[in-house]
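Novice: One structure follows; several queries about it will come next.
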């Protein structure tokens, strides 16, 4: 029998692999809500099978982002306070699109390694209640993670009270069978199934 995330248990208490369907190997209505409740995951508690592609070599894990849940309104406030020169101006003030200047500004200010540029981003992630929101990210399971000092510097710059946590991607939340196409984007090389939200 093939070792899949759907028929494998982990840990001392034979826990199911995270983000798998509640029953069987097919995603159904209600599985998205179930998956959302299994996160966020504390920084140093992410299971190896979500980061290491050799654990389930024929399967892509859901994408998780390391970061902080921050609403787009609060991201805009951070952009206004810390990078006013990068704002997109409108007649009635800065455009909400200005939040997308934050990742570029942080990449430049903290001299992010070119291999990890995509880690610093504004991602749409799932909340525990199933709603989607924005997050400022410093890592991704499919890409890598910024070093601890840079993460701490970003946290201190914006006055974020808690360390970053692993957050489930708002669209790429399912396990998927890996196709033969190689792609650097997390979750983009897999066969897609219908989203059950």
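Residue numbers (the numbering used here): 10 to 206. The C-beta atom is built at its ideal place from N, Cα and C for all residues, glycine as well.
(1) For a test of the three-state rule: what should DSSP assign to residue 146, helix, strand or coil?
(2) Any idea what DSSP makes of residue 138, helix, strand or coil?
(3) Tell me whether the beta-carbon of residue 63 lies closer than 8 Å to the beta-carbon of residue 151.
(4) Using alpha carbons as the reference points, say which of 111, 187 and 144 lies closest to residue 75.
(5) In the DSSP assignment, find the alpha helix (DSSP H) that holds residue 115 and state where it starts and stops.
(6) Can you tell me the Cα-Cα spacing of residue 198 and residue 104, whole angstroms?
(7) Can the beta-carbon of residue 39 be found closer than 8 Å to that of residue 31?
(8) For my contact list, residue 184 and residue 28 are in at a C-beta cut-off of 8 Å; report their separation, rounded to the angstrom.
(9) Helix, strand or coil, according to DSSP, for residue 131 in the structure here?
(10) Distance check for residue 181 and residue 65, CA to CA, integer angstroms please.
(11) How many Å lie between residue 61 and residue 101 at the Cα?
Specialist: Judging by the given coordinates:
(1) strand
(2) coil
(3) no
(4) 144
(5) 110-118
(6) At residue 198 the pLDDT is 45, less than 50, meaning the model places this residue with poor confidence and gives no usable figure here.
(7) yes
(8) 6 Å
(9) strand
(10) 17 Å
(11) 47 Å
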